[in-house]
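The structure under discussion appears below in the form of structure tokens.
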Amino acid sequence: MPWAKRDWETHIRKLCRDTARIFWTSHAEQQMQERHIAKAVALDVLRLGVIRREPEPDIRTGHTLCRMERFCAGAPIGIVVALEAEGASACIVVTAINL
223 MPWAKRDWET HIRKLCRDTA RIFWTSHAEQ QMQERHIAKA VALDVLRLGV
273 IRREPEPDIR TGHTLCRMER FCAGAPIGIV VALEAEGASA CIVVTAINL
């Protein structure tokens, strides 16, 4: 049975306890800089946020994209991560969004 949103949330939160398991794309870092989202805020969203939208496959890579959301530092923030598969050992931060 495929993972539910809650399963993805739990796995992402667990992964993000160890920053060595998080990889940041240059696009994500650029978006964070332009949108004034500090890396500490992004980590907070990943560690404590929730998934409201259904995770979806990335057509190019086949990875699963999950958007973690949290009200943090006075604003609603979304951080999109890509995971290779259920139970992946690392996640890739794809972009950051002011919601």
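The number in our numbering is simply the position in the sequence shown, starting from 1, with 222 added. Each residue gets a CB set at the ideal place from its N, CA and C atoms; glycine is no exception.
Shown here for Ile-234: same chain residues with a beta carbon closer than 7 Å to its own, the five before and five after excluded, namely Leu-268, Cys-288, Met-290, Val-303, Cys-313 in chain order. Between Pro-279 and Pro-224, the alpha-carbon positions lie close to 12 Å from each other. Closest in alpha carbon position to Pro-277, among Gln-253, Thr-247, Glu-306, Lys-236, is Glu-306. Boundaries of the alpha helix (DSSP H) harbouring Trp-230: 227 to 237, taken from the DSSP string. Using a Cβ distance threshold of 9 Å, Ala-260 and Ala-297 do not count as a contacting pair.
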